[in-house]
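Quick note on UniProt numbering: the sequence shown kicks off at 1 and runs consecutively. C-beta: ideal position from N, C-alpha, C; glycine also. See structure below.
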Amino acid sequence: MRNEYPKGKTFIWWGFGSCTSNIDVLQSEQFLGTTGPRTFFTITCDSGKDIRKYSFFPAEDEVLLPAARQFRVEGCLDQGKDLYMIQLKEIQSPFSLIELVPQPSRASGPSPPRPIPIVPNPPIKTK
């Protein structure tokens with residue numbers, strides 16, 4: 001999968017993405033696990049929404065990415081033992097399928113975007 005995401009590539013993730021902000025969750029075989037070929041994405045984005053308090057599994061610290069978001073590949077890291085990390089950064093999408101609700105501002109100003117480790121279904125390829 002890493003060959004499909006060379007540094008500098010931009011693509012649109014057409015579906016919603018289920019992510020986690022807790023890297024410990026990824027150790028479960030249900031998610032990333034510890035054996036076999038594996039790829040995970042770390043995403044720096046502004047559009048992800050924390051849905052933990054609405055989830056049946058709040059310990060998963062789920063973050064939902066809206067559909068039709070555009071990303072640029074910042075890098076790929078071969079971590080050995082068939083484990084790859086692909087670093088993505090959200091960029092302005094030419095499509096707006098839904099209007100995002102702005103985050104409430106904080107007195108100290110907005111916090112910088114933070115990477116969100118995820119193991120999603122791969123996005124649909126665009127040509």
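Start and end residues, beta strand (DSSP E) containing Met85
As a working note, residue 85 is residue 85 in the sequence shown. It spans Leu83 to Ile91 - the beta strand (DSSP E) in which Met85 sits, taken as one unbroken run.
Under DSSP, the beta strand (DSSP E) around Val73 begins and ends at which residues?
Here residue 73 is taken as the residue at index 73 of the sequence shown, counted from 1. Here the beta strand (DSSP E) through Val73 covers Arg69 to Asp78.
How far does the beta strand (DSSP E) with Gly17 in it reach, from first residue to last?
On the sequence shown, residue 17 is found 17 positions in, with the first residue counted as 1. Residues Gly17 to Thr20.
Please name the residue or residues paired with Val63 in a DSSP beta bridge.
The sequence position of residue 63 within the sequence shown is 63, counting from 1. Answer by DSSP bridge pairing, in chain order: Cys19 and Asp50.
Can we count Gly15 as close to the ligand NAD, meaning its CB is less than 7 angstroms from some heavy atom?
Annotation note on the ligand NAD: not contained in the displayed structure, which lists no ligands.
For Asp82 and Tyr5, I'd like the C-alpha separation in whole angstroms.
On the sequence shown, position 82 is the one that residue 82 refers to. On the sequence shown, position 5 is the one that residue 5 refers to. Distance between the alpha carbons of Asp82 and Tyr5 is about 16 angstroms.
To the nearest whole angstrom, what separates the beta carbons of Ile86 and Thr39, a pair I think is in contact under 8 angstroms?
To locate residue 86, count along the sequence shown from 1; it is residue 86. To locate residue 39, count along the sequence shown from 1; it is residue 39. Taking the Cβ atoms as the reference, Ile86 lies roughly 6 angstroms from Thr39, within the contact range of under 8 angstroms.
Have a look at Asp50 and Phe57 and give me their C-alpha separation to the nearest angstrom.
Residue 50 sits at position 50 when you count from the first residue of the sequence shown. Residue 57 sits at position 57 when you count from the first residue of the sequence shown. Distance between the alpha carbons of Asp50 and Phe57: 13 angstroms.
With 16 as the cutoff for other CB atoms within 10 Å, does Glu62 come out buried or exposed?
Position 62 of the sequence shown, counted from the start, is the residue given in the question as residue 62. Its Cβ being crowded by 16 or more others within 10 Å, Glu62 is buried.
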